[in-house]
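> So for the sequence shown, the working numbering puts the first residue at 77; every next one is plus one.
Provided herewith is a single structure, encoded as C-alpha cells, for subsequent inquiry.
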Amino acid sequence: MPLPLSVPRVLLQHRFKSKPSANILLFILFSLKKNFFSQASKTIDFHFHLQTSYADKGEKHERGRFVRFHHVTFWVGNAKQAAMFYCDKMGFEPLAYKGLETGSREVVSHVIKQDKILFVFESALNPGNEEMGEHLVKHGDGVKDVAFQVEDMDFLVKTAKERGAVVVKEPWIEQDSHGKVKYAVIQTYGDLTHTLIEYVGPYKGLFLPGYKEPLTKDCLLPTLPPGLLHFIDHIVGNQPDDAMVPVSDWYQKCLLFHRFWSIDDKQIHTQYSSLRSIVVTNYEETIKMPINEPAPGKKKSQIQEYCDYNGGPGVQHIALNTSDIIQAELKILVDFDDKGYLLQIFTKPMQDRPTLFLEVIQRHNHFGFGAGNFKSLFEAIEKDQDARGNLTVY
C-alpha cells in the first residue's frame, strides 16, 4: 500500500559527493533497477558536490546528556482538525488528549503517534489568549517547540544558563498516578523553544502527566494504509541572512552540541538564488538540527521567502525516518558515498503559508546529509516559489 504523502517535489536523481568505486556503482544501479526503476523516472543525473563533515565532537558535558527528540509541539488554529489531517494523510494515530474534560481550561492538546514519533497539536480555548493568538497571526500554523529527552536536567540547564541561554521556565516537576516527569524550557532561535524532559523514574502513562485517552475514535483510520514512519531523523531551522553562524554557535556554546556537516552557497544554488547550511548535533549524534540561511543572489532566496511568511526564523521541515520508502511509490532522491546511501522524498507545505513541510528519509549506512539531494530540493522549492509569484528581485 502506498504511503499517503502529498504530491512529490522532485524527480529521481542519483548524486555523488565523491566518485564511487565501480563495485559500489554497479551495486547501487542494480539495486535501484531491481527496487524501483519501474516505479519512478529513469532519468539519471550525475553530480559531484563539495561539502564538509566534522570529526571533532567538541566539548562533552561533565554530567547529563541529550538523549533524543522527545516530541514536537505545533501551535495551530484548530488542534483537532490538524491532528486528524496528519492521521489521515501521514499514518499517525491519536494517542492522548488534554482539554476541558481533563481540567485544562486554557489550552487544548491533541497528541498523535507513529512508532517513536510524537506530535502535539495545541490551540487556545479562550478568546483572551494573547500569547497564542499573536503567535498565530505572526507565524501561522507551525512548530512552537522541539522537546528533547535528557538526563541530569538540572546540570544541563545550569550550564546553558551560565553560558548565556535564556531559560523561559526553570525546572519543575509534574506527576500523576503513572509517575513523575521533570521539565524545563529554553529559548532558541526566533520564537521557538526547547522543552527538556527528564523521567523521574519509570513513567507508565500514555504520554505525559495530565493527558488522558482521546475522547473519540476515528472509524476511518483502521481502513487506511500504515505510514511506515519510525522516528524523527532531523529538524531543519531557517534563519534570516547572517544568522546561521550565531545560531549554530549558540547550540555549541549553550547546549554543547557540535558541528556535524556544512555546505555553502557555492554548492547549493541556482542561477537566481542560493543558501548556506550548518548541521549541529549532540555529542551522541542522536539529535540533528540543520540551520539554513539565504545567500545573496539575483532574486529572493526560498529561505528568505520562508522567513517572510513565517514572520522570522522557524522550523522549515521535519525529517521522519522510514525503513521502507519504496512503499511510497513516489519519485525519490538518491544520494550516496562509498559507505552507503540515503533515499529522500518531500511533501508540499502542510498549510497554506509556504512554510513547514515534511521529509521522509531512509538511510542505508549513510548517516550524513546528501549534497545532491539538498540541491535538488532547493531547485524544486524554487520552482514552487516562482509559481507563487515570490521569485522576485530582492
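All residues carry an ideal CB built from backbone N, CA and C; glycine is no exception.
Kindly indicate which three-state DSSP category Phe142 falls into: helix, strand or coil?
Strand, per DSSP.
> Name the DSSP beta bridge partners of Ser180, please?
Bridge partners of Ser180: none, in fact.
> Between Phe422 and His393, what straight-line distance do the alpha-carbon atoms span, to the nearest angstrom?
Approximately 9 Å between the Cα atoms of the pair.
> Closest to Pro389 by CA distance: which of Thr398, Ala236, Leu291 and Ile379 is it?
When each option's Cα is compared against that of Pro389, the closest is Ile379.
> Tell me the DSSP secondary structure of Pro285 in three-state form.
Coil.
> I'd like the list of long-range same chain contacts for Tyr327, defined as Cβ closer than 7 Å, with 5 residues on each side in sequence excluded.
Same-chain partners within the cutoff: Phe333, Val356 and Met365.
> Looking only at its chain, what residues have a beta carbon closer than 7 Å to the beta carbon of Asn314, apart from the 5 residues adjacent to it on each side?
Taken in chain order, the residues that qualify are Asn368, Ile379, Tyr382, Cys383, Pro389, Gly390 and Gln392.
> Only counting the same chain, and skipping five residues up and downstream in sequence, which positions put a Cβ closer than 6 Å to that of Leu176?
Hits under 6 Å: none found.
> Within the chosen definition, does the region 233 to 243 reach the region 256 to 265 through at least 3 CB pairs nearer than 8 Å?
Contact between the region 233 to 243 and the region 256 to 265 is present, because at least three Cβ pairs lie under 8 Å.
> Distance check for Lys459 and Gly167, CA to CA, integer angstroms please.
The straight-line gap from Cα to Cα measures roughly 28 Å.
> Distance check for Pro278 and His310, CA to CA, integer angstroms please.
Cα to Cα, His310 sits roughly 26 Å from Pro278.
> So, is Ala319 buried or exposed, given that buried needs 16 or more other C-beta atoms within 10 angstroms?
Label assigned to Ala319: buried.
> Identify, in the order they occur along the chain, each residue of the same chain with its Cβ nearer than 8 Å to the Cβ of Phe231, setting aside the five sequence neighbours on each side.
Here the set comprises His137, Glu138, Arg139 and Gly140.
> What are the complete beta strand (DSSP E) segments, minimum 3 residues, inside the region 163 to 211?
Here the runs fully enclosed are 169 to 174, 183 to 190 and 193 to 200.
> Where does Val471 land, buried or exposed, given buried means 16+ other C-beta within 10 angstroms?
This structure leaves residue 471 out entirely; the chain is present only between 77 and 470.
> Just to confirm the assignment: which complete beta strand (DSSP E) runs, minimum length 3, are found wholly within the region 205 to 247?
Here the runs fully enclosed are 218 to 227.
> Less than 9 Å separating the beta-carbons of Ala200 and Tyr287?
Cβ atoms of Ala200 and Tyr287: not closer than 9 Å.
> Rounded to whole angstroms, what is the Cα-Cα separation between Pro425 and Leu434?
Rounded to whole angstroms, Pro425 to Leu434 spans 8 Å at the Cα level.
> Who are the Cβ neighbours of Glu289 in its own chain at under 8 Å, not counting the five residues just before and after it?
So the list reads Ala172, Tyr173 and Leu282, once near-sequence residues are dropped.
> Let me make sure I understand the geometry here. Which of Pro372, Leu272 and Gly303 has the alpha-carbon closest to that of Leu331?
With distances taken between Cα atoms, Leu331 lies closest to Leu272.
> Less than 9 Å separating the beta-carbons of Thr362 and Arg144?
Yes, they are a contact pair.
> By how many angstroms is the C-alpha of Tyr470 removed from the C-alpha of Ala158?
Straight-line Cα distance between these residues: approximately 34 Å.
> List the residues that DSSP assigns as beta-bridge partners of Gly313.
DSSP output for Gly313 lists Ile367 and Val391 as bridge partner(s).
> Just verifying my parser: in three-state terms, what is the DSSP assignment at Asp135?
The amino acid at residue 135 is misidentified as Asp; the sequence shows Glu. Coil at Glu135, not helix or strand.
> Output the distance between the C-alpha atoms of Leu432 and Gly218, rounded to the nearest integer angstrom.
Distance between the alpha carbons of Leu432 and Gly218: 6 Å.
> Starting from Lys258 and walking both ways along the alpha helix (DSSP H), at which residues does that stretch end?
Taken as a continuous stretch (DSSP letters only), Lys258 belongs to no alpha helix (DSSP H), being part of the beta strand (DSSP E) at Gly255 to Gln263.
> Using only the alpha-carbon positions, how far apart do Arg439 and Phe142 sit?
Using only the alpha carbons, I get a separation of about 22 Å.
> According to DSSP, what are the bridge partners of Asn397?
Its beta-bridge partners are Phe307 and Ile437.
> Might you give, ordered along the chain, the residues of its own chain that have their beta carbon closer than 8 Å to the beta carbon of Leu220, omitting 5 neighbours on each side?
The question names Leu, but residue 220 is Lys in the sequence shown. Excluding sequence neighbours, Lys220 sits near Thr149, Phe150, Trp151, Glu198, His211, Asp267, Leu268 and Thr269.
> Ile354 to His186, Cα distance in whole Å?
Spanning the two alpha carbons is a distance of roughly 33 Å.
> In terms of alpha-carbon separation, which member of Thr292, Ala395 and Gln225 lies closest to Val276?
Out of Thr292, Ala395 and Gln225, Gln225 has the C-alpha closest to the C-alpha of Val276.
> Whose C-beta lies closer than 6 Å to the C-beta of His215 among residues of the same chain, with five residues either side of it excluded?
For His215, where only same-chain residues beyond five positions count, the Cβ hits under 6 Å are Asn386 and Gly387.
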